[in-house]
Each structure stands twice: as structure tokens, then as C-alpha cells.
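Here is the structure we will look at, set down as C-alpha cells.
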Amino acid sequence: MHAQNFFVPSFLKAVGDNTEESFRSIMTEPSPGVFAFEMLQPHFCGLLLSEVENFEKWVHETKFRIMRPNTMNKHGAVLDDFGLETMLDKLMEEFIRPLSKAFFPEVGGSTLDTHHGFVVEYGMDRDVDLGG
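In this text, residue positions in the sequence shown follow this note's numbering: the first is 340, and each later residue adds one.
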């Protein structure tokens with residue numbers, strides 16, 4: 340994983356500095372305990388979406404049954420199901436744990452050890468919200 344290819348420079352700097360102040364410098368907090376910040380490079384997002392589209396096409400062509408992100412979504416994919424588990428493990432270990440340690444120590448902080456990465460497709464003829 341070449342972090343410069345995946346993450347925006349401001350996020351990499353904040354994680355490299357690894358202080359609450361460095362994280363807060365790139366964040367907004369639209370609601371208490373909810374943080375928003377730029378993290379992924381647009382090019383990486385495009386590659387990820389392309390992989391999701393390829394996976395969905397294969398699922399449709401083979402009529403293969405897959406696990407959806409939750410029981411209420413019909414249009415989405417769990418990222419582990421098509422080879423991204425190792426990448427997500429590294430993402431959590433090196434980039435998410437420092438954030439969770441700083442902002443959520445009471446609910447796991449730096450001890451997080453599992454993930455459930457997924458994408459959901461929204462649209463008029465797709466899912467309209469995360470619940471269904």
C-alpha cells in the first residue's frame with residue numbers, strides 16, 4: 340500500500356503527526372462526535388468504484404449470491420468479498436486506529452481489531468437510504 344496514492348496529503352500529515360490537534364486541523368464536527376474530513380484521493384475512489392462495478396457485473400452474470408452490506412440493502416457490496424480485506428486491515432491498523440484512539444477511547448480506541456467495509460449504491464431504482 341503506497342499511502343500517497345490513496346490518501347490526500349492533509350490526511351497523511353495529520354496521521355503522521357498523530358496528535359488530536361493535527362486531526363482536528365483537517366476536520367469539521369457537524370454534530371457532536373461526528374467528524375468529517377477529506378481522506379481518499381479522487382483517483383483511488385475511481386479505482387475502487389470500478390472494482391465494485393466489475394464485481395457487481397460478475398455477480399449479475401453468474402447469478403452468484405453474495406452477502407449485502409446489511410439485510411436491508413439490495414444494492415451494495417462488502418469489500419472483503421472481492422479481495423480488499425488485507426487492504427482494509429492495513430487501513431484500520433495504520434490510519435483509523437490513531438483517529439479512534441484520539442476521539443473514541445471509551446469505545447475501543449486503539450484496540451479496534453475488526454471491520455465491515457462496504458459500499459451501497461443509492462438512486463431512484465436503487466437503495467434510497469442505508470436502512471433500505
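Don't be surprised by glycine CBs; every beta carbon is placed ideally from N, CA and C.
Counting only runs of 3 or more residues that sit fully inside the segment 351-438, the beta strand (DSSP E) segments are 367-370, 373-375, 415-417, in chain order. Secondary structure of V446 (DSSP, three-state): helix. Around the beta carbon of L430, a 10 Å sphere encloses 16 or more other beta carbons of the protein chains shown; the residue is thus reported as buried. The continuous alpha helix (DSSP H) containing F345 extends over residues 342-345. Rounded to whole angstroms, the Cβ separation of L379 and F346 is 6 Å, and the two are in contact under 8 Å. Counting C-beta pairs with one atom in each stretch, the segment 347-358 and the segment 443-451 have fewer than three that are closer than 8 Å, which means they do not touch. Looking at L438, F442, F421, the one whose alpha-carbon comes closest to that of H455 is F421. Between the alpha carbons of V458 and L427 lies a distance of about 13 Å. Restricting attention to T453, I435, F442, the CA atom closest to the CA of F350 is found in I435. Counting only the Cα atoms, G385 lies some 24 Å from A353.
Between F376 and F362, the C-beta gap is smaller than 9 Å, which places the two residues in contact.
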